[in-house]
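First the structure, in the form of structure tokens, and then the observations on it.
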Amino acid sequence: AQSVTQLDSQVPVFEEAPVELRCNYSSSVSVYLFWYVQYPNQGLQLLLKYLSGSTLVKGINGFEAEFNKSQTSFHLRKPSVHISDTAEYFCAVTTSGTYKYIFGTGTRLKVLA
Amino acid sequence: GAVVSQHPSRVICKSGTSVKIECRSLDFQATTMFWYRQFPKQSLMLMATSNEGSKATYEQGVEKDKFLINHASLTLSTLTVTSAHPEDSSFYICSARVGSSMSTDTQYFGPGTRLTVL
């Protein structure tokens, strides 16, 4: 079975500062990894996904994530955050053929002026 | 982009009543729809997988007789919480999947429905 751990429930950061949201996964088979963002009163939106190939994945809104198989991590980064990035961020994993996503508990990013 | 709607956005009901939640893909046809449940400060937990015209597949521990899923068309799935009790109070989220392989697979999520059972 797969699992996802997001250790940080909340991350406060000042505007224009860099941020890293951590995600670790556990799986005995190859995985596909995702980051979703949820703004208040909206559905989850896909930020980026890793399926195969280059371990550095670039997504929307200036976010990127790096797949590290040895550390079983898929941390999300942004070099300079904006107030509008304040939201809940979810890491998710799935395996080939199931299309069922296992989600982490989410990290609330709060960007401070 | 693709939009998934849920109706209602929030509902309050009395214990023992049934509540129906609709999930619609507004501008695309979904291969599969998923229903999730989210408790405060917890992750989304997959409840069931729904394919148009066939019975839903429920995850372990989810009571299929309590959470009835009907996938009437490629754009509509409904979740009915039967004989609701306070412990069923939660945030219910649906997603609609398109794509035929992992490389093309995309899930679009609805905004969720907040159910409160008194």
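Here the protein sequences come in this chain order: Z and Y.
Note that the numbering used here gives residue 152 to position 66 of the first sequence, counting from 1, and the numbers run on in steps of one.
Note that the numbering used here gives residue 109 to position 107 of the second sequence, counting from 1, and the numbers run on in steps of one.
Glycine included, each C-beta is placed from N, C-alpha and C at the ideal position.
Please read these numbers as outputs of a predicted model, since none were measured by experiment.
Secondary structure of residue i, DSSP reduced to three states
i, result
"E101 (chain Z)", "coil"
"S159 (chain Z)", "strand"
"E65 (chain Y)", "coil"
"N37 (chain Z)", "Outside the shown range of chain Z (87 to 199) lies residue 37 (chain Z), about which nothing can therefore be said."
"E174 (chain Z)", "strand"
"N53 (chain Y)", "strand"
"N127 (chain Z)", "coil"
Residue i vs residue j beta-carbon contact at 8 Å
i, j, result
"L130 (chain Z)", "Q124 (chain Z)", "yes"
"P165 (chain Z)", "P104 (chain Z)", "yes"
"A32 (chain Y)", "T106 (chain Y)", "no"
"R145 (chain Y)", "S79 (chain Y)", "Here chain Y covers residues 3 to 120 and nothing more, so residue 145 (chain Y) does not appear."
"V119 (chain Y)", "D90 (chain Y)", "yes"
"T193 (chain Z)", "V97 (chain Z)", "yes"
"T82 (chain Y)", "V13 (chain Y)", "no"
"V6 (chain Y)", "C25 (chain Y)", "yes"
"L173 (chain Z)", "F189 (chain Z)", "Just to set this straight, residue 173 (chain Z) is Ala in the shown sequence, not Leu. Not closer than 8 Å, so no."
N-terminal and C-terminal residue of the beta strand (DSSP E) that residue i is part of
i, result
"R26 (chain Y)", "V21 to S27"
"C15 (chain Y)", "R12 to C15"
"H9 (chain Y)", "V6 to H9"
"F111 (chain Y)", "T108 to F111"
"V167 (chain Z)", "Where V167 (chain Z) is concerned, there is no enclosing beta strand (DSSP E), given that its DSSP letter is neither H nor E."
"E152 (chain Z)", "E150 to N154"
"A98 (chain Y)", "S92 to V100"
"T80 (chain Y)", "L78 to V83"
"K144 (chain Z)", "L142 to K144"
"T33 (chain Y)", "Run containing T33 (chain Y): none; DSSP gives neither H nor E here."
Nearest-angstrom Cβ-Cβ length linking residue i and residue j, presumed shorter than 8 Å
i, j, result
"L134 (chain Z)", "G145 (chain Z)", "3 Å"
"M49 (chain Y)", "A98 (chain Y)", "Wrong, their Cβ atoms sit about 15 Å apart, outside the cutoff."
"Y187 (chain Z)", "T180 (chain Z)", "5 Å"
Beta-bridge partners of residue i, as assigned by DSSP
i, result
"V179 (chain Z)", "Z:L119 and Z:I188"
"K135 (chain Z)", "Z:F120"
"S29 (chain Z)", "This structure cannot speak to residue 29 (chain Z), because chain Z is shown only from 87 to 199."
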